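Everything in the sequence shown is counted per my numbering, starting at 3 for the first residue and increasing by one.
Glycine is no exception: its CB is placed at the ideal position from the N, C-alpha and C atoms.
Note that the coordinates shown come from a computational prediction; the quantities given were computed from them, not determined experimentally.
Each remark here refers to the structure printed beneath this line.
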Amino acid sequence: MATSTDKDKILTENSGSGMAPKKYNCTRLFLGLLLSPNNGWRKIRNAKVIPADFEQQVFYPLLALTAVCQFLILFYQPTTPISSVLQSAIVGFVAVFAGYFAALAAAHVFLPPKASEKSGSPFFRVFIAASMATLDTGFLLSLIAPQMKVILWLGLIYSLYVACRGVKYLHVPHNERVATSILVCVMVCGLPAAVYALFTLLMPAV
3 MATSTDKDKI LTENSGSGMA PKKYNCTRLF LGLLLSPNNG WRKIRNAKVI PADFEQQVFY
63 PLLALTAVCQ FLILFYQPTT PISSVLQSAI VGFVAVFAGY FAALAAAHVF LPPKASEKSG
123 SPFFRVFIAA SMATLDTGFL LSLIAPQMKV ILWLGLIYSL YVACRGVKYL HVPHNERVAT
183 SILVCVMVCG LPAAVYALFT LLMPAV
């Protein structure tokens with residue numbers, strides 16, 4: 003969870019520039035990001051979004067909605083055991099939730115030096131949360147229309163594209179941008195997948 007430190011940083015930046023804190027709607031900003039990644043990231047950056055606000059208004063509700071939508075499989079396959087669906091919902095939620103915090107921790111260790119320094123900023127938290135929310139949106143759409151499995155892969159590819167476009171707004175040195183983009187993509191998509199695989203392996207089959 004984000005602490006008051008993030009809010010203090012942003013309020014200090016605003017007061018130091020003589021500007022009042024901007025009002026923003028995280029859901030609207032996220033939808034704008036999905037429709038136009040470049041403009042979306044710029045608006046999120048300019049709005050100085052507080053990580054806790056984005057988590058509470060977009061990230062956590064989206065994860066919860068995705069978990070609930072796991073039960074839609076009962077409409078397509080009524081014989082599916084409820085216990086199996088419930089297990090999938092829990093594992094899916096935990097995978098992205100744990101992957102998010104794992105990515106924040108891994109960024110300090112694995113990103114290039116200047117990018118690693120940026121990983122402690124409020125924008126970086128929002129950057130990772132929004133990138134994973136984009137990935138989760140693709141998964142959510144694949145649950146709503148399971149007959150169109152291509153949606154899952156398109157969502158994965160698009161989330162990588164969104165994350166790469168966002169690296170520009172981290173303002174890392176040009177010589178670190180490629181490495182940062184690659185590592186961010188691995189963290190955003192790889193860590194939730196790794197957690198999902200681990201929990202699926204450890205949880206008993208039902």
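Three-state secondary structure assigned by DSSP to residue i
i: Leu113; result: coil
i: Ser123; result: coil
i: Ala131; result: helix
i: Val190; result: helix
i: Lys45; result: helix
i: Thr136; result: helix
Run of the alpha helix (DSSP H) containing residue i, from where it starts to where it stops
i: Tyr160; result: 152-169
i: Gly176; result: Here residue 176 is His; the residue named in the question, Gly, does not match the sequence. Segment 176-187, the alpha helix (DSSP H) holding His176.
i: Phe56; result: 53-56
i: Phe201; result: 193-204
i: Thr29; result: 28-37
i: Ala147; result: It is not in any alpha helix (DSSP H) - Ala147 carries neither H nor E in the DSSP assignment.
i: Pro80; result: That residue, Pro80, is in no alpha helix (DSSP H); it is neither H nor E in DSSP.
i: Leu74; result: Careful: Leu74 lies outside any alpha helix (DSSP H) and carries neither H nor E.
Classification of residue i by the beta-carbon crowding that lies within 10 angstroms, buried from 16 upward
i: His173; result: exposed
i: Ser19; result: Residue confidence for Ser19 is low, a pLDDT of 40 falling below 50, so the modelled location carries little weight and cannot support an answer.
i: Ile52; result: buried
i: Val152; result: exposed
i: Val197; result: buried
i: Thr182; result: buried
i: Lys120; result: buried
i: Val70; result: exposed
i: Val93; result: buried
9 Å Cβ cutoff, residue i in contact with chain C
i: Ala147; result: The structure shown contains no chain C; it is built from a single protein chain.
Stretch-stretch touch, CB-based, cutoff 8 Å, three pairs: the region 184-198 with the region 153-167:
yes
Does the contact criterion of 3 or more C-beta pairs under 8 Å hold for the region 129-143 versus the region 64-77? yes
Examine the Cβ distances between the region 44-60 and the region 155-162 and report whether three or more of them are shorter than 8 Å. no
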